[in-house]
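Enquirer: In the numbering used here, the protein residues as written are 4 to 967. Beta carbons: idealized from backbone N, C-alpha and C, even for Gly. Note that the structure is a prediction, hence the values are computed from the model and not measured. Sharing a structure here in C-alpha cells format.
Shown next, in the form of C-alpha cells:
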C-alpha cells in the first residue's frame with residue numbers, strides 16, 4: 004500500500020504583500036537619521052524656494068524663555084505649531100516658521116544671580132556691563148540647547164536664523180517701537196501702586212504673577228475718633244475698627260474709607276476685662292463678635308447709635324501710633340468709597356495709598372499722596388518713625404500676631420484681635436515663588452484711556468509731587484477722569500475693536516481676553532533690573548518732561564543697531580542728544596523695559612523685518628495664560644503704534660497635566676519629561692498624543708495616555724505597511740480608470756473623497772483632534788476592517804492581470820498617496836519613512852524627494868454618470884450582523900473561520916456571490932438570519948469553500964486559471 008498523495012503546495016503562487024517597512028517602528032533610532040536627511044537636503048530651504056510664489060501663511064512663534072530644558076508645555080506648544088505649519092504647507096501655501104526666544108528679563112537674571120549667590124557674591128557689586136554679558140552668555144547657551152530639543156520634536160523652521168530679542172537688530176526695533184509711543188505722547192511717568200517683588204526688587208507685569216493659597220495673619224485694629232462734628236453727641240469717645248490681612252500696611256495708613264450706602268452703628272463692647280465703644284458696619288457686627296471675642300454689652304443687643312451718611316462728614320480718626328508725632332500725628336480722615344463692601348471685615352477699610360490701587364485713587368482724589376515708606380526689598384526706610392529699617396513685610400514672622408507690628412499695636416491698646424489663621428489666595432512671583440506686594444514707585448506707564456490723537460496728557464491720578472508733571476493742554480482730555488472725551492480712540496478702545504476683528508480659536512477665548520483688556524490698568528513698562536532693553540529716554544531735569552525729538556530718537560536707534568542695548572549704558576549721551584540740547588539739562592533713564600514689551604514688539608522685528616512693512620501674522624498660537632501675556636502685550640503694542648492687531652487669528656491651548664489631572668511639579672514627582680518620551684518611544688508618539696488631545700482645554704499625559712496614543716499609532720503604521728506591501732511592483736501600466744472599477748472600489752474612493760473634504764475643513768479650522776480621529780477611523784474602520792479585509796483574497800489569489808485586482812491596487816495607490824500626505828503634518832517622521840520606502844532618493848541628489856514637499860492630494864473624480872448602484876452603507880451594516888451571527892459558531896468550534904459558513908439574510912442588497920465575497924463566507928442566500936457549516940470543499944490555494952471544488956485541496960476555477 005502506498006501513501007496518499009500529499010496536498011499540493013500553492014504558497015509560491017500566492018501574491019503576498021512584500022515590503023521593507025517594518026511593523027516595529029523603532030522611532031527613537033530612526034528619527035535622528037531622518038532629521039539628518041532633511042538637514043542634508045535642506046528641506047526647509049527647498050520648501051521656501053518651491054513655495055516662493057504661493058500664498059503665504061505666517062504663524063508667528065511666541066518666544067519661550069531661553070532658560071532650562073524644554074518641558075511638556077513647550078513640547079505640546081511647538082508640536083501644535085509644527086502641525087499647523089506643515090498642514091498649511093500641505094494645503095499649498097508658503098508657510099515659513101521662524102522660531103524665537105525671549106532672552107531678556109527676570110528669569111535669566113534670576114539664574115545668573117543664583118550663581119552669584121552660590122559664590123556669596125552680590126549682583127549689585129558687579130559692573131552692569133559684566134552682568135549683562137553673563138546674562139547674554141547664559142541665554143545663548145540655552146538657546147542652543149532648546150533649539151536642538153525642539154528640532155528633535157520634528158519641528159521644521161529657520162533654526163539657523165531664529166529671532167532673538169537680544170539680537171542687536173531686535174533691540175534696535177524694540178527701542179524704536181518704544182520711541183514711537185514716546186513721540187506720540189503715549190508714555191507718562193508717575194507713581195502709583197504696582198505689583199512689586201521684594202525678593203527680585205522689581206515691578207512685575209500681570210503675566211508674571213500667579214496666585215497661591217496661603218494662611219495669613221488677620222487683625223482688628225481700633226483707631227480713636229478725634230473729631231466728629233456731625234456725629235451724635237458723645238461719639239467722640241468711640242473708636243473705629245478696621246480689619247486687614249496685611250498688618251504691614253498699618254504703618255503707612257493715611258485714611259479710613261466707608262461706603263455711604265452701608266448701615267453703620269456704634270456698639271458698646273466688652274471682653275470681660277474692659278469695655279470700649281466701637282464703630283462698625285451693622286451687618287458685620289456678629290462676625291466681629293465671633294472673630295474678636297468682644298461682644299455687645301447692651302442687654303437688648305442694640306447699638307448705642309445708628310449712623311447716617313451725614314454723620315461721617317468731617318469725621319477724623321487718630322493713627323494708633325500718633326504719639327510718635329510727624330506723619331503719625333496727622334489726621335486720618337474718613338473718605339467715601341464705593342469699593343467698600345460688607346463681604347468681610349468691618350465695613351471700614353484703612354487706606355494706605357502706597358499699597359493699593361483703590362487706596363491710591365481715593366486718597367489721590369482727596370489730596371493725599373503716597374509716602375514711599377517701604378523700600379524695594381520690602382523694608383521700612385531707615386528714617387521711618389515706626390519700625391524704621393525693619394522688615395521684610397513679606398516675612399511671615401514679621402507680620403505674625405506675635406511679631407513687632409502686632410506687639411506695638413497691642414502695647415498701645417489698639418489691637419482688638421489677631422490670629423494667624425486666615426486662609427485666602429495671594430499673589431506670588433511666578434519666578435521666585437515669593438509673595439509680592441502692591442507698592443507705589445516711580446514707573447513708566449502706557450495709558451490705556453488716553454486719546455490716541457493729540458496724545459500727550461498724563462492721567463492726573465498718576466502724577467505725584469516728587470515727579471514733576473508732564474501735562475499738555477490736550478483738547479478733550481479730562482485729567483480727573485484720565486480718559487478721552489470725544490477726541491479719538493483710546494488704546495483700550497483700539498484694542499477692544501481689534502479683538503472683535505480677530506478670529507479666536509476656540510471662540511470662547513475671545514470673551515477672556517476682552518474682559519482682561521476691559522478691566523486692565525495702565526501698562527507698567529518699566530522694571531528696576533539690569534538685563535534688557537533700557538527705556539532710552541531723556542527727561543528734562545527741570546520740567547520732568549521727556550524729550551520728544553525725532554532726530555535724537557533716530558540717533559538712539561542707530562546706536563542700538565550698531566551696539567545693541569548695551570550701547571545705552573556706555574553711550575556718549577551728549578552726542579546722542581546732539582547740538583540742540585545740553586546733557587546737563589537731561590537725565591538719561593536707566594530703567595529696563597518690561598519683557599512683555601520686547602516680545603510684544605516681535606511682530607515688528609520678525610514679521611515686518613522679514614516680509615515687509617505692514618505684513619501681519621495669520622496666526623498666533625500659545626497657551627491660554629497668554630491672554631494676559633503675549634497675546635495682550637502684542638495687541639497693545641501694535642494697536643498703540645499701528646492702530647490694529649498684529650494677528651488675524653489667535654489659537655489658545657490648555658496646559659499639560661499629569662495622568663491624574665494634576666499640575667506637574669518636581670515636588671510632587673509627577674513631571675512627564677518629553678525628552679524621555681522621545682528617547683524611549685520617539686517623537687511621533689508624542690506628536691500623535693498632542694494631536695489626539697482636546698487641546699483647547701487642559702490635557703492629561705501619563706503612561707496610560709501614551710499607551711493609547713501608541714496603540715493608535717501602531718494601527719496607522721500597520722495601514723501604511725499593508726499599503727506598501729500590497730503595492731509592491733505596482734506601475735502605471737497596471738492602473739485602471741475609475742469608470743472601469745468595481746463598485747466596491749468606487750465606493751471606497753467616494754469615502755476617501757468625503758474624508759478629504761472633512762480633513763481639509765479640520766486643518767483649516769485647526770481642529771487636529773478631529774483631523775486625526777477622522778484619519779485613524781478611516782484607516783481602521785473603512786480600510787483595515789472592511790476594504791482590505793474583503794479584498795485580501797483578491798490581492799493574494801487573483802491573477803496579476805485580473806481587472807479586479809488591478810482596480811484594487813489602483814485604489815491602494817490612490818490611498819497611499821492620500822494617506823501619507825494626510826498623516827505627514829502629524830506623523831512627520833513616519834510619513835517620511837513610508838514615502839522613502841516606496842520612493843527612495845538620496846538626500847544629496849538634486850531631485851531628493853520628501854513627503855513634505857508635496858501638496859494636498861488631488862483625488863480621481865468618480866464619473867458623474869456612474870452612480871454606485873448598491874447601497875454600501877446597508878451592506879456594511881448587514882456585514883456586521885453576519886459577523887456577529889458567525890462568532891458563536893467559531894467560538895464553539897463548529898467552524899474554524901467564516902469561510903466555512905453559509906448564511907441566510909433577510910434581504911439580498913446585491914448579487915449573492917458578491918455578498919459572499921464581501922461577508923467572507925461560502926454562500927449567501929435569502930431567508931431569516933441564520934448560519935450553518937457549508938458542505939462545499941475548500942480550495943487548496945485561496946481556502947475559499949466553493950461549489951466547483953471537487954475535494955478539499957483541489958482548486959477553484961479562479962485559482963486553476965491563476966496558476967497556469
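Under a three-way DSSP split, which group does residue 698 fall into?
Expert: Walking along the chain shown from the start, residue 698 turns up at place 695. DSSP places residue 698 in coil when its eight states are reduced to three.
Enquirer: Let's test the definition: count the other Cβ atoms within 10 Å of the Cβ of residue 867 and tell me whether it reaches 16, buried, or not, exposed.
Expert: For the purposes of this step, residue 867 is taken as the residue at position 864 of the chain shown. Residue 867 comes out exposed.
Enquirer: Considering only the alpha carbon of each residue, which of 693, 681 and 812 lies closest to residue 736?
Expert: To locate residue 736, count along the chain shown from 1; it is residue 733. Comparing Cα positions, the closest option is 812.
Enquirer: Leaving aside the five residues before and after residue 849 along the sequence, list all residues of the same chain whose C-beta is less than 6 Å from its C-beta, in chain order.
Expert: What you label residue 849 is simply residue 846 of the chain shown in a count that begins at 1. Result list for residue 849: empty, nothing under 6 Å.
Enquirer: So, is residue 192 buried or exposed, given that buried needs 16 or more other C-beta atoms within 10 angstroms?
Expert: In the chain shown, counting from the first residue as 1, residue 192 sits at position 189. Residue 192 is buried by the Cβ-count criterion.
Enquirer: If you count every other CB in all the chains shown that lies within 10 Å of the CB of residue 184, and 16 or more means buried, which is it?
Expert: Reading the chain shown from its first residue, position 181 is the one you call residue 184. So residue 184 counts as buried.
Enquirer: Consult DSSP for residue 122 and reduce its assignment to one of helix, strand or coil.
Expert: Position 119 of the chain shown holds residue 122. Correct three-state label for residue 122: coil.
Enquirer: I need the straight-line Cα distance from residue 925 to residue 85, nearest angstrom please.
Expert: On the chain shown, residue 925 is found 922 positions in, with the first residue counted as 1. On the chain shown, residue 85 is found 82 positions in, with the first residue counted as 1. So the two alpha carbons sit approximately 50 Å from each other.
Enquirer: Put residue 650 into one of helix, strand or coil per three-state DSSP.
Expert: Here residue 650 corresponds to residue number 647 of the chain shown, with the count starting at 1. Correct three-state label for residue 650: strand.
Enquirer: Count the other CB atoms within 10 Å of the CB of residue 514; is the residue buried (16 or more) or exposed (fewer)?
Expert: Here residue 514 is taken as the residue at index 511 of the chain shown, counted from 1. Exposed, by the Cβ-count rule.
Enquirer: What does the Cβ neighbour count give for residue 214, buried or exposed, with the cut at 16 atoms within 10 Å?
Expert: Mapped onto the chain shown, residue 214 falls at position 211. With fewer than 16 Cβ atoms within 10 Å of its Cβ, residue 214 is classed as exposed.
Enquirer: If you compare alpha carbons, which of 845, 242, 930 and 691 is closest to residue 831?
Expert: The count along the chain shown starts at 1 and reaches residue 831 at position 828. Comparing Cα positions, the closest option is 691.
Enquirer: With respect to the alpha helix (DSSP H) encompassing residue 400, which residues constitute its N-terminal and C-terminal limits?
Expert: Here the question's residue 400 lines up with position 397 in the chain shown. Here the alpha helix (DSSP H) through residue 400 covers 399-402.
Enquirer: Rounded to whole angstroms, what's the CA-CA distance from residue 523 to residue 197? Just pull it up for me.
Expert: Taking the chain shown and counting its residues from 1, one reaches residue 523 at position 520. Taking the chain shown and counting its residues from 1, one reaches residue 197 at position 194. Taking the straight line joining both Cα atoms gives about 12 Å.
Enquirer: Could you tell me which residues DSSP pairs with residue 595 in its beta bridges?
Expert: In the chain shown, counting from the first residue as 1, residue 595 sits at position 592. DSSP lists 530 and 537 as partners of residue 595.
Enquirer: Quick one: Cα of residue 860 to Cα of residue 821, how far?
Expert: To locate residue 860, count along the chain shown from 1; it is residue 857. To locate residue 821, count along the chain shown from 1; it is residue 818. Cα-Cα distance, rounded: 5 Å.
Enquirer: From residue 623 to residue 345, what distance separates their C-alpha atoms?
Expert: Taking the first residue of the chain shown as position 1, residue 623 is located at position 620. Taking the first residue of the chain shown as position 1, residue 345 is located at position 342. Whole-angstrom Cα-Cα distance: 43 Å.
Enquirer: Rounded to the nearest angstrom, what separates residue 617 and residue 806 at their Cα positions?
Expert: As a working note, residue 617 is residue 614 in the chain shown. As a working note, residue 806 is residue 803 in the chain shown. Their Cα atoms are separated by approximately 58 Å.
Enquirer: Where does residue 476 land, buried or exposed, given buried means 16+ other C-beta within 10 angstroms?
Expert: Taking the chain shown and counting its residues from 1, one reaches residue 476 at position 473. Low confidence applies to residue 476: its pLDDT is 29, below 50, so where it sits in the model is not reliable, and the reading given next is rough at best. So residue 476 counts as exposed.
Enquirer: What is the C-beta distance between residue 381 and residue 440, in whole angstroms, given that I count them as a contact (C-beta under 8 Å)?
Expert: The residue given as residue 381 occupies position 378 in the chain shown. The residue given as residue 440 occupies position 437 in the chain shown. Indeed, because the Cβ distance is near 7 Å, the residues count as touching under 8 Å.
Enquirer: Looking only at its chain, what residues have a beta carbon closer than 8 Å to the beta carbon of residue 966, apart from the 5 residues adjacent to it on each side?
Expert: Along the chain shown, one-based indexing puts residue 966 at 963. These residues qualify, in order along the chain: 13, 16, 944 and 958.
Enquirer: If contacts are defined as beta-carbon pairs under 8 Å, then residue 314 and residue 233 qualify, I think. What distance do you get, rounded to the angstrom?
Expert: On the chain shown, residue 314 is found 311 positions in, with the first residue counted as 1. On the chain shown, residue 233 is found 230 positions in, with the first residue counted as 1. 6 Å between Cβ atoms; contact.
Enquirer: What do you reckon, are the CB atoms on residue 379 and residue 130 nearer than 8 Å?
Expert: Residue numbering aside, residue 379 sits at position 376 when the chain shown is read from its first letter. Residue numbering aside, residue 130 sits at position 127 when the chain shown is read from its first letter. No, the Cβ-Cβ distance between residue 379 and residue 130 is not below 8 Å.
Enquirer: Please state the DSSP three-state secondary structure of residue 316.
Expert: Residue 316 sits at position 313 when you count from the first residue of the chain shown. Note: residue 316 maps to coil in three-state DSSP.
Enquirer: Spatial neighbours of residue 324 within its chain, please: C-beta separation below 6 Å, excluding the five flanking residues on both sides.
Expert: Numbered from its first residue, the chain shown carries residue 324 at position 321. Correct list, in chain order: 331 and 389.
Enquirer: Which word fits residue 120, buried or exposed, when buried means at least 16 other C-beta atoms lie within 10 angstroms of its C-beta?
Expert: Mapped onto the chain shown, residue 120 falls at position 117. Answer is exposed; the Cβ neighbour count stays below 16.
Enquirer: What residue range is occupied by the uninterrupted beta strand (DSSP E) comprising residue 624?
Expert: Within the chain shown, the letter at position 621 stands for residue 624. Looking at the DSSP string, the run of the beta strand (DSSP E) that includes residue 624 is 620-626.
Enquirer: For residue 591, which residues of its own chain have a beta-carbon under 7 Å away from its beta-carbon, when the five flanking residues on both sides are left out?
Expert: If you number the chain shown from 1, residue 591 lands on position 588. Same-chain partners within the cutoff: 541 and 576.
Enquirer: Bridge partners of residue 352, per DSSP?
Expert: Within the chain shown, residue 352 is the residue found at index 349, counting from 1. Answer is 260.
Enquirer: Going by the beta-carbon positions, is the gap between residue 885 and residue 939 smaller than 8 Å?
Expert: For the purposes of this step, residue 885 is taken as residue 882 along the chain shown, with counting starting at 1. For the purposes of this step, residue 939 is taken as residue 936 along the chain shown, with counting starting at 1. No; because the gap between Cβ atoms is not below 8 Å, this pair is not in contact.
Enquirer: Based on the DSSP output, what are the partners of residue 219 in its beta bridges?
Expert: Counting from one through the chain shown, the residue named residue 219 turns up at place 216. 425, per the DSSP bridge assignment.
Enquirer: Identify, in the order they occur along the chain, each residue of the same chain with its Cβ nearer than 8 Å to the Cβ of residue 787, setting aside the five sequence neighbours on each side.
Expert: Within the chain shown, the letter at position 784 stands for residue 787. So the qualifying residues of the chain are 718, 721, 722 and 725.
Enquirer: Taking the alpha-carbon of residue 370 as reference, which of 288, 258 and 286 has the nearest alpha-carbon?
Expert: Looking up residue 370 in the chain shown gives position 367. Comparing Cα-Cα distances from residue 370 to each of 288, 258 and 286, the minimum goes to 258.
Enquirer: Hey, quick one: how far does the alpha helix (DSSP H) through residue 875 stretch, first residue to last?
Expert: Here residue 875 refers to the residue found at position 872 of the chain shown. Looking at the DSSP string, the run of the alpha helix (DSSP H) that includes residue 875 is 875-894.
Enquirer: According to the neighbour-count rule (16 or more other Cβ atoms, all chains shown, within 10 Å of its Cβ), is residue 609 buried or exposed?
Expert: Here the question's residue 609 lines up with position 606 in the chain shown. Buried, because 16 or more other Cβ atoms sit within 10 Å of the Cβ of residue 609.
Enquirer: Alpha carbon to alpha carbon, how far is residue 50 from residue 101?
Expert: In the chain shown, the residue the question calls residue 50 occupies position 47. In the chain shown, the residue the question calls residue 101 occupies position 98. Cα-Cα distance, rounded: 14 Å.
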